[in-house]
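Protein chains: 2
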Amino acid sequence: MDRTTGIFVDGMGAAAATSGILNQLQGRIFALLYLQPGPLSLDEIATELEQSKSNISVNIRGLVDWHLVRRSRVGGSRRDQYEAAADFWRVMQEIMERRFRWNVRQVLATIDETERAVEEERGRRDWVQFVTTRVAGLRAFFAAMDAGFGAFAHGKPLDPAALKHPLLAAVPRPRPRG
Amino acid sequence: MDRTTGIFVDGMGAAAATSGILNQLQGRIFALLYLQPGPLSLDEIATELEQSKSNISVNIRGLVDWHLVRRSRVGGSRRDQYEAAADFWRVMQEIMERRFRWNVRQVLATIDETERAVEEERGRRDWVQFVTTRVAGLRAFFAAMDAGFGAFAHGKPLDPAALKHPLLAAVPRPRPRG
DNA sequence: CAGTACGTTCAGAATATTCTAAACGCTCTG
DNA sequence: CAGAGCGTTTAGAATATTCTGAACGTACTG
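Set out below in structure tokens:
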């Protein structure tokens, strides 16, 4: 591997490792493919990155899932070819929906469960009141995030105003009088 | 711990574990504190979550760093008290700046290095040309992300348009005639 | 100023993740 | 239809992360 590619591969690997989306090896695989004029096979990638073929196989699947890499099969050959995709907006949409929004919904689901549980608590009326209020505050914020991320992934601007005061934003405004 | 808190703690722990920001224990600590009417000490948290005090000590520091938990010391006591913060927008700003944007800048720094390296490559003129173009495409996208995240953290809307066609957005538009 | 009540650090144990090499199964080929 | 050339699965090795308990430092307390 030439010096330029080495620097790019190392740097992108390090960035990926702290991304919370890809691991280091996935960052390296993508970086390698991104600087190639043509597609590479599994074996070529494994050799270049000094990793086992099985490890590349497993990790490249994640890259294909995020639409960061395209898999193709040329002619009648049964050898897969891989190349980097360059539609980063598409990747970001995917991450928004399948990672961030999915995570937000985990929280919303937990809030649902918690609200159901607190309704069954016997006695301790003001504690129940307190928990209900707190959980409502969390729900307002995460509901706003869910809506905001959803809109963003569909190409609409994400306005932080809804996150600053989610409780206010969640409540329908009184109509201004004529 | 009562049933309601248990459900909330477990759910938030699971969500945190896949967040890429907090680990499971940090999610559990925050959840426990969030349903408490008053602050708790390190030892109380450790007992409730069945973890060693040292482990709580280390992990709660991260929560304080993200402004998810406030540390206070009441009166002349030397016992720290912790309570959940509820300004989630502040937390999001912190994450935007110190996590996402920092990560984006890692990529931009790698691109800088790569461009410097490719300039020193001898021969292979069309390969150099190819790499330069590709890296420019990546830079345009990540520069747009950096700008967008920065604006968002300062309360301005984040418009996906700049990410859809970053190369176009980066170039100043020709003035319309007339 | 010795004793106690804390928070933190650290070495090593427990656990989870990443990686390899061998085994497997599929598909094309002669 | 046997063999070669693939990608994938899997058991276990290598490595990284998380967790504990003991040791330590500091600041109140009697």
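Those sequence lines, one after another, are chains A and B.
Residues in the first sequence are numbered consecutively from 1, following the working numbering.
Residues in the second sequence are numbered consecutively from 179, following the working numbering.
Glycine included, C-beta positions come from ideal geometry on N, C-alpha and C.
Given the structure is predicted, the values throughout are model-derived calculations rather than measurements.
In the three-state reduction of the DSSP assignment, A:Ser54 falls in the helix class.
Taken in chain order, the complete alpha helix (DSSP H) segments of 4 residues or longer contained in the stretch 35-108 of chain A are 42-49, 53-65, 88-95. The beta-carbon of B:Asn281 is placed less than 9 Å from the nearest beta-carbon of chain A. A direct Cα-to-Cα measurement between A:Ala46 and B:Ile289 gives close to 24 Å. Taking a C-beta distance under 9 Å as the contact criterion, A:Gln36 and A:Glu113 do not qualify as a contact pair. DSSP lists A:Leu158 as the bridge partner or partners of B:Leu336. If only complete runs of 4 or more residues are kept, the stretch 288-340 of chain B shows the alpha helix (DSSP H) at 303-331, in order along the chain. Per DSSP, A:Met12 is one residue of the alpha helix (DSSP H) stretching across 3-17. A Cβ-Cβ distance of about 6 Å is found for the pair B:Lys231 and B:Asp221, placing them in contact under the 8 Å criterion. By the rule that beta-carbons nearer than 9 Å mark a contact, B:Tyr212 touches chain A. With a cutoff of 9 Å on beta-carbon distance, A:Ala16 and A:Asn23 are scored as near each other. In its chain, beyond the 5 residues on either side, Phe327 have a beta carbon closer than 6 Å to the beta carbon of B:Phe278.
Taking the CA atoms as reference points, A:Gly20 sits about 11 Å from A:Gly27.
In chain order, Gln81 place their CB closer than 6 Å to the CB of A:Ser72, counting only its own chain and leaving out the 5 sequence neighbours on each side. Among the residues of chain B, those whose CB is under 8 Å from the CB of A:Ser19 are Gly198, Asn281, following chain order. Residue contact with chain A for B:Pro215: present (Cβ-Cβ distance below 9 Å to some residue of chain A). Assignment of A:Leu22 by DSSP, reduced to helix, strand and coil, places it in the coil class. By the C-beta criterion, the stretch 1-14 of chain A is judged not to be in contact with the stretch 84-91 of chain A, since fewer than 3 inter-stretch pairs fall below 8 Å. With a contact defined as Cβ atoms closer than 8 Å, A:Leu158 and B:Leu336 qualify at about 4 Å. The C-beta of B:Ala314 comes no closer than 9 Å to any C-beta of chain A. Straight-line spacing of the CA atoms in A:Leu63 and B:Ala322 works out to 22 Å. Spatial neighbours of B:Phe208 in its own chain (CB-CB distance under 8 Å, excluding positions within 5 residues in sequence) are listed in chain order as Met190, Ala194, Leu200, Leu241, Leu246, Val247, Ala262. Excluding its 5 nearest sequence neighbours in each direction, A:Met96 has C-beta neighbours in its own chain below 7 Å: Phe149, Phe152, Ala153, listed in chain order. Rounded to whole angstroms, the separation of the alpha carbons of A:Lys164 and B:Gly184 is 29 Å. For A:Val118, the nearest beta carbon of chain B is closer than 9 Å to its own beta carbon.
Ranked by how close their Cα comes to the Cα of A:Ser57, the residues A:Val74, A:Arg79, A:Gly75, A:Arg105 have A:Arg79 in first place. The alpha-carbon separation between B:Glu299 and B:Thr311 amounts to approximately 15 Å. Under a criterion of Cβ atoms nearer than 7 Å, the residues of chain A adjacent to B:Met270 are, in order, Leu163. Put simply, of A:Arg139, A:Ala162, A:Lys156 the residue whose alpha carbon is nearest the alpha carbon of B:Ala339 is A:Lys156.
With respect to the C-alpha of A:Val118, the residue from A:Ala147, A:Val131, A:Leu25 having the closest C-alpha is A:Val131.
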